[in-house]
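See structure below.
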Amino acid sequence: MAVMPGCNARSPSARRRRWTKSSPPACAGGAGFPTGIKWKTVAATSAAQKYIVCNADEGDSGTFSDRMILEGDPFVLIEGMTIAGFASGATKGYIYIRSEYPHAIAAFGEAVRIARAKGYLGSNVMDGGFAFDIEIRVGAGAYVCGEETALLDSIEGKRGQVRPKPPLPAHEGLFGKPTVINNVISLATVPVVLAEGAAMYKDFGMGRSRGTMPIQLAGNVKFGGLFEAAFGVTLGELVQDIGGGTASGRPVRAVQVGGPLGAYFPPKLFDTPFDYEAFAARDGLIGHGGVVVFDDSVDMAAQARFAMEFCAIESCGKCTPCRIGSTRGTEVIDRIVRGEKVAFNRAVLVDLCHTMKFGSLCALGGFTPYPVMSALTHFPEDFAGAPTCIAAE
Amino acid sequence: MSLIAELDYGTPAVHSDTRVTLTIDGERVTVAAGTSIMRAAMELGTKIPKLCATDSLKSFGSCRLCLVEIEGRAGTPASCTTPVAANMVVHTQTPKLEKLRKGVMELYISDHPLDCLTCAANGDCELQDMAGAVGLRQVRYGDEGENHLVAVKDESNPYFTFDPAKCIVCSRCVRACEDVQGTFALTIQGRGFDSKVSPGMAESFLGSECVSCGACVQACPTATLIEKKVIEVGQPEHSAVTTCAYCGVGCSFKAEMRGEEVIRMVPFKDGRANHGHSCVKGRFAWGYATHRERILKPMIRAKITDKWREVSWDEAIGYAAGEFKRIQAHYGKDSVGGISSSRCTIEEVYLVQKLVRAGFGNNNIDTCARVCHSPTGYGLSQTFGTSAGTQDFDSVDHSDVIMIVGANPTDGHPVFASRMKRRLRAGAKLIILDPRRIDLVRTPHIEATHHLPLLPGTNVAVLTAMAHVIVTEGLIDEAFVRERCDWDAFSEWAAFVAEPRNSPQAVETISGVPAQSIIEAARLYATGGNAAIYYGLGVTEHSQGSTTVIAIANLAMATGNIGREGVGVNPLRGQNNVQGSCDMGSFPHELPGYRHIADADTRKLFDAAWGVTLGAEPGLRIPNMFDAAVGGTFKGLYVQGEDILQSDPDTRHVSAGLGAMECIVVQDLFLNETANYAHVFLPGSTFLERDGIFINAERRLQRIRRVMSPRNGNADWEITQDFSNALGYAMTYANPSEIMDEIARLTPTFAGVSYRKLDEVGSVQWPCNDAAPNGTPVMHIDHFVRGKGNFLITEYQPTDERSNRKYPLLLTTGRILSQYNVGAQTRRTENVVWHEEDRLELHPSDAEARGIRSGDWVRLSSRAGETALRATVTDRVAPGVVYTTFHHPMTQANVVTTDYSDWATNCPEYKVTAVQVTPSNGPSEWQRAYAEHAELSRRIHAEAAD
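Protein sequence lines correspond, in order, to chains A and B.
Here our numbering is used: position 293 in the first sequence is 287, and no number is missing along the way.
Whatever position you read off the second sequence (first residue = 1), add 176 for our numbering.
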């Protein structure tokens, strides 16, 4: 573990002030919200109890960077959470790990045990006069519990249901107390930033997306795996140069970036730089850095239907657009595919996506239109009413 | 007349000193910081479409209809969950929002049966309203998609149905069950499209933990949860605000009517006692008003073995007056008396005591408070100077520590219990002194910090031991005591409680409560912030009832927990108007306003107003009336609205007393148990059939309003007036408001009360006079009513009623949520599905020693008598303690209770009876004989007069 800088130099509160002010971690979660602002907000509250929550419910298809850290370097995460606790005044951290990661749960649990034994966690961390400990909570298979407020409900022992914001978790989070919720990557990056300096970290990246991103290449790709790259690399470079094109050797037809709720980009958009704003400008998103490659045998109507179906299965059921809309979405796409009133139903689908995108309570319902609309926009021929593209098995 | 419409602001009011000004659709509005945009808009009269929001519940943000656009902010935030901000500019109607709302409504309606014209909620359905509000014109999803239209209706609850096919999964019912009622019986089961409302683990409503409070029905925006009566009859067309006639909480309701038929009772949001909440009794159990057993014609008979003969009002009243005159002529002026009812209005109670004092010419007037809270009157007047609770119900929102002594609020005072539970869930600490593990000891999201399961009869010992801890550990609020209390009295008291015999260790052996629990509870009460005490009949109905009330008052004064919000001493009064009946001079020694009959100045005032000369001597209390009757000197009794035979202790003695009288006039809705001994029966009217005022446990005066003509022909006050006139003492009130005006003229604490005032402000808490024109929510703020607070010594005296070899168990009694007192009303409603018989609770170890299993018949015997009922084996009661309710006449729980009573007030010691429990084959001989007698004495002549 890196030694925390200035640990014995000043009073904890002075140190906290300094840290949160120069607050480094420019890295961000799937929603791209700067970490430092969350820390500052929680640090500024006067509650007697505050919490750090690490979101390790890595549920996006084709993603595994969190798992790599949990299994390969759990201590960097423990250190990141501890620093977050120190900076924001929280004495208790929870990490929410998905149940599908038994090895990660075991490895991280062992790391916590060792850290406690060595005095890196506990009532007097490194004899530095402050307390911090970590408790592991295991998810139960609900994708929506990766949404931060549903995750809080789940940790509290409730059904994982999305909360409205405000109140922000930074003001009223876990058990109603101010809470920092960061993902694994953000927290694991903290020790590096503090050790090497914020300037070093900021040197990577482009625009407002600073630093590096672990990019996970998966699907029909020749060289799949985890690649850490600075923001700014183009999608084409990722797929073709790093990934080496498709594994099947057929031409790439579509790339889904950002998990099951990410947009499908055709090769004509391969010049898009890997950057939050650049992707947003083309109705896409980066999310957790998952990139899934498809060759020309893919049926994009089926992929669009899958997005709706995924949303229907994973919806918490709270808000109407997601709860009813996702089921209606699969039905409408089925009608289009069967050739029933195609133009009418395409219009219905567009309206439905609009309702879901702007009306949903959280990103599950709100982002489901990305894969659907991108498929419809970039691959209209697959929604022509009769199957034009037979999936090659 | 029309239906009273209450505005729904969408989200609860927020209290903040900071005001924020914003612009909504071009209009500026200033509201408290933290208010939702939705509520701020409603302040302007702008209705933002909504379905999941209602102002009794915290915002939820699920329906997505209330989205708005805010200048300078991205997206379309929900107006229910977004608080206002200074200079915010909000638009509630834009093309984008119009499209979104239509899209959402289209989804809702794609899974909804389109049977509006035949739907019970037609005309009162928010889904229907919203479809109109957003301009929905088409649903393009077809009808072959997934849906819930064939979901099966749950009709298990007797009063409402649950039709999941009509459910829009807004969770209002679930949230109401959690936030408003605090029962957590409902949940959403499943996920996504499969989400559905479920009582418990997919149980029926009746089979679940649902307490049928109606909060879910009230919250439902569609016909999913709807009253069976509305399904059966249709929507109401007019309504009037009235007050529930059950318990002392005094919930305000809208009686929603069709002509003279009640369709439903809907809790009134502006009701200051209930704030829009209700319980199964007030909300649903009013069907007794039209029950077939209700007596509508006056009846007389010469002997109680005769059949009843229906007669005209004139004949009945004339007969009763003739008999009373004859008895007084023969046995003397003092040979008759009256009992007023805590179920009737203050005007009616006032009239009965006036009839007794001025018409009968004696002070033989008593009331059922004799058997419940008379020790409260005594104890609080001796210490604070007034005979009532010190707080309003809202005060509990400011409490940090709540101490409940001998009360079971979730059953006895359910609507206030919900309020209390909400405060406890928000973090207040709870101390419970009760022999039985009442629900509040551990209930969803609430757990008492300390439960002191004391042996029945040891309240004084335990409370004095708490005082011992507070005094010896220096936890006294000395500044308060020096300024506000009599220091000499305090010093004497402090020395007394500090004696070693009052230590927790000494009391542990008496009470069975571990010393450490007493110590910790005392520390928490004294140092936990605002501490409030709520107590019930478990305090008063003891031989040391008055002493216990004093012990409670001492604790509050010693710790400075009196005279502001969040603290205080609060008796949870049992009946709708028991506070009022006490206030109105129902006790033999007191004129209205608690002025002693011996006080010549007060008497002079009443002498002048009533044109009589009042006697200075207090009259007979209820138990003395029975004694005098058995002794042959008391021969005539007028009982209004109380079933003394079933509710008073030692039934055999009561029946002997009643049997010895020559004329008993019973005025009631039904031929109750007392009527079995009556010679004249005057049919009473229900609270729906007359005007008047009830006073609840927080001293709040609230109107009841006549919504139908009295089915018996006369309001109760008219019957008393006619009786008085027939006796020769003239009463000429044209309506109850004239009676109220007389009360106000003669009673300083009520000087500011009039019907006009109540119509204007809704309700007031007495004292209401020139000094406090808007009433008095919290009492004793700057000084006690009596001047300096008075500490009194509370020496523990064990009751003479104690267990021995023959009667080794202690019986204590209580109530259950669904039934009310002797059950005359609730037994005549569907509420019997929850409680069809009284059961005896006993601990598994006591049951095992006797070979008793749950459901077995057992004989319950004491030195007073014996009865039989079925057993429930449960560890809710401690070993050595048994418990039962007294709602059913066949059980006759009071056959076993004894004639021991409070030393100061004669309040009976219902809560401690030494008993034995043995297996039995069924009802006792006494019960069989009584049932036969009851049946015989209820016969009515077939050729009834018209």
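The C-beta atom is built at its ideal place from N, Cα and C for all residues, glycine as well.
Nearest to residue i (by Cα), restricted to the options the options
| i | options | result |
| --- | --- | --- |
| L255(A) | E104(A), V106(A) and C347(A) | C347(A) |
| V156(A) | F377(A), M367(A), G360(A) and L370(A) | G360(A) |
| A593(B) | G311(B), F429(B), H574(B) and F569(B) | F569(B) |
| S693(B) | E717(B), I541(B) and I608(B) | I608(B) |
| L233(B) | V196(B), A352(B) and K223(B) | A352(B) |
| F300(A) | D147(A), I179(A) and A257(A) | A257(A) |
| K933(B) | A902(B), Y905(B), E918(B) and Q878(B) | Q878(B) |
| A217(B) | H1109(B), T187(B), V532(B) and K501(B) | T187(B) |
| F69(A) | D147(A), V184(A), G122(A) and G30(A) | V184(A) |
| V344(A) | S320(A), M194(A) and G53(A) | S320(A) |
| K430(B) | T337(B), R502(B) and T418(B) | T418(B) |
| G426(B) | R448(B), E437(B), H414(B) and E432(B) | R448(B) |
| R92(A) | V178(A), D121(A) and P172(A) | V178(A) |
| D265(A) | G281(A), E271(A), L229(A) and R276(A) | L229(A) |
| S518(B) | G761(B), F926(B), G210(B) and V806(B) | G761(B) |
| D227(B) | G221(B), L220(B) and S235(B) | The sequence given here has Leu at residue 227(B), not Asp. Looking at the Cα atoms, S235(B) is the closest of the given residues. |
| T923(B) | E793(B), F782(B) and G383(B) | F782(B) |
| L179(B) | P412(B), R875(B), I364(B) and M306(B) | P412(B) |
| T789(B) | D803(B), I798(B), P799(B) and I773(B) | I773(B) |
| A209(B) | A307(B), T194(B) and I646(B) | T194(B) |
| E977(B) | A478(B), I969(B), L986(B) and E971(B) | L986(B) |
For residue i, the three-state DSSP class (helix, strand or coil)
| i | result |
| --- | --- |
| H1117(B) | coil |
| T1050(B) | coil |
| E141(A) | coil |
| L370(A) | helix |
| S415(B) | strand |
| R351(B) | helix |
| A297(B) | coil |
| P363(A) | helix |
| K15(A) | Per-residue confidence for K15(A) stands at a pLDDT of 41, beneath the threshold of 50, marking its modelled position as unreliable; no derived number is given. |
| H348(A) | helix |
Chain-ordered neighbours of residue i on chain A, where CB pairs are closer than 8 Å
| i | result |
| --- | --- |
| Y317(B) | R322, E325, V326 and V342 |
7 Å Cβ shell around residue i - same chain, five flanking residues per side excluded
| i | result |
| --- | --- |
| K405(B) | I439 and R440 |
| K312(A) | Q155, V156 and L355 |
| P1020(B) | V1049 and D1051 |
| E523(B) | G868, I869, W893, P912, I915 and M916 |
| D819(B) | N848, E849, T850, V998 and A1000 |
| S59(A) | I179, P208, Q210, L220 and G283 |
| H267(B) | D201, V244 and E245 |
Close beta carbons around residue i, own chain, < 8 Å, minus the five adjacent residues each side
| i | result |
| --- | --- |
| G463(B) | R1004, T1005 and E1006 |
| K1087(B) | G582, P632, G633, L713, G714, E717, H718, T988 and T989 |
| A1110(B) | E849, N852 and P1065 |
| A378(A) | V336 |
| L115(A) | I72, T76, V106, A109, F126, D127 and I128 |
Cβ shell of residue i (< 6 Å), same chain only, five flanking positions each side left out
| i | result |
| --- | --- |
| L944(B) | Note on residue identity: the sequence assigns Cys, not Leu, to residue 944(B). Around C944(B): G928, V929 and G951. |
| D1122(B) | Legend: pLDDT at D1122(B) = 46, less than 50; position of this residue unreliable, value from coordinates given subsequently. Closer than 6 Å at the Cβ level, and outside the excluded window around D1122(B), lies no residue. |
| S117(A) | A125 |
| M955(B) | T566 |
Within chain B, partners of residue i - CB distance below 9 Å
| i | result |
| --- | --- |
| G392(A) | There is simply no residue 392(A) to check, as chain A begins at -5 and stops at 387 in what is shown. |
Chain-ordered neighbours of residue i on chain A, where CB pairs are closer than 7 Å
| i | result |
| --- | --- |
| A254(B) | P158 |
Against chain A: residues of the region 1077 to 1110 of chain B by CB proximity under 8 Å: none
Members of the region 344 to 369 of chain A near chain B, C-beta cut-off 8 Å: D345, L346, H348, T349, F352, G353, S354 and L355
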